[in-house]
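The structure appears right after this line, and notes come after that.
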Amino acid sequence: DVQVFRAQLTDWNARYDADATAPIFLETFARFWDERIARERFPDHLVPLVMGQGSVAIQLLAGNNLDWFMSDKDAAITTCVQGAVRAVRERFGTDPVGWAWGAVHRAHFCHPLSTPGNTDCFDVGPLGVSGSSTTVRNTGLGPDFSATSGAEYRLIADLADPAGILATQNIGQSGRPESSHYRDQFSDWVQGTYHRVHFDRDVVETERTAWLQVAPR
Numbered sequence: 672d673v674q675v676f677r678a679q680l681t682d683w684n685a686r687y688d689a690d691a692t693a694p695i696f697l698e699t700f701a702r703f704w705d706e707r708i709a710r711e712r713f714p715d716h717l718v719p720l721v722m723g724q725g726s727v728a729i730q731l732l733a734g735n736n737l738d739w740f741m742s743d744k745d746a747a748i749t750t751c752v753q754g755a756v757r758a759v760r761e762r763f764g765t766d767p768v769g770w771a772w773g774a775v776h777r778a779h780f781c782h783p784l785s786t787p788g789n790t791d792c793f794d795v796g797p798l799g800v801s802g803s804s805t806t807v808r809n810t811g812l813g814p815d816f817s818a819t820s821g822a823e824y825r826l827i828a829d830l831a832d833p834a835g836i837l838a839t840q841n842i843g844q845s846g847r848p849e850s851s852h853y854r855d856q857f858s859d860w861v862q863g864t865y866h867r868v869h870f871d872r873d874v875v876e877t878e879r880t881a882w883l884q885v886a887p888r
């Protein structure tokens, strides 16, 4: 199990790409490690509250400048690695296809009014997406490793370019499920592609497809 874990991380480029398998092992280990660290110093009822807080977990992996463990730190790391690999196999199977980050980290935007009978109309997704809660293009990280939050609206602005910006929305720009713009940006958000938002009125007019007029009654 330790060798499996080591092989996953050795050649990994540290990117949370959808087809990468290392992220699921690292994230699973991190949860085992955070809990192990918390249990070393805190009573059981406080473990859920304190685990994952601060930088102790990283410092303990990076060096030996913290006198944290009463027992052997390397043994504790090994136990967490073994537990993480077993947990991955138990939850996602033994086939590496099931370990791909995109198979686990899936964006699924559920509407407050959706029910089992209308989910196809209201909900958007699920669809595998790259990234995590600590990466560029943040996509969040839920308890089940799903993409639960993150950068809803992404914007790239070149301050030397007054003509416009690049942007994308996680779902769309309409609150009406029957609208063509309700979910038309979801695939771009997942793939990390952007559209141009022009500032020049003449250019905007050339791309306009419809008017929305709001008038008092």
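Numbering (the working numbering), first residue to last: 672 to 888. Every residue, glycine too, gets a C-beta built ideally from N, C-alpha and C.
Following the continuous beta strand (DSSP E) through residue i, name the residue where it begins and the one where it ends.
i: P797; result: 795-799
i: F780; result: 777-780
Just grab the DSSP bridge partners of residue i for me.
i: I836; result: V868
i: Y824; result: Q840
i: A818; result: A778
Ordered along the chain, which non-local residues of its own chain (more than five positions away) have a Cβ less than 6 angstroms from that of residue i?
i: D688; result: S801
i: W683; result: A693
i: W691; result: Residue 691 is actually Ala in this sequence, not Trp. Cβ within range, chain order: W772.
For the alpha helix (DSSP H) that residue i lies in, which residues bound it at each end?
i: R712; result: 693-712
i: L732; result: 727-733
i: F676; result: 673-681
i: R760; result: 744-763
i: A717; result: The question names Ala, yet the displayed sequence has Leu at residue 717. Looking at the DSSP string, L717 is not in any alpha helix (DSSP H), and its letter there is neither H nor E.
i: D859; result: 857-862
Would you say the beta carbon of residue i comes nearer than 7 angstroms to a heavy atom of the ligand ATP?
i: V721; result: The ligand ATP is not part of the structure shown, which contains no ligands of any sort.
Using CA atoms only, rank isn't needed, just tell me which of the options is closest to residue i.
i: A701; options: R872, R760, R777, A755; result: A755
i: F857; options: H716, D832, P797, D745; result: P797
i: V673; options: G723, D745, L731, L720; result: D745
i: R641; options: L697, G799, V868; result: Past the boundaries of the shown model lies residue 641; the chain is included only from 672 to 888, so the question cannot be answered.
i: M913; options: T786, R710, I729; result: The question about residue 913 has no answer, for the chain in this structure spans 672 to 888.
i: V614; options: P767, C781, H782; result: A question about residue 614 goes unanswered here, because the residues of the chain that appear run from 672 up to 888.
i: D738; options: R825, T765, H716, I708; result: I708
i: R757; options: T864, G821, I695; result: I695
i: S785; options: A886, F676, T681, P848; result: P848
i: S726; options: H866, W704, R760; result: W704
i: I748; options: E706, N789, R760; result: E706
i: R677; options: Q753, D715, Q862; result: Q753
i: R872; options: L830, R760, G835; result: G835
Can you name, in chain order, every residue of its own chain whose Cβ lies under 8 angstroms from the Cβ of residue i, other than the five neighbours on each side?
i: I842; result: F780, V795, Y853, R854, Q856, F857, W860
i: E823; result: Q840, N841
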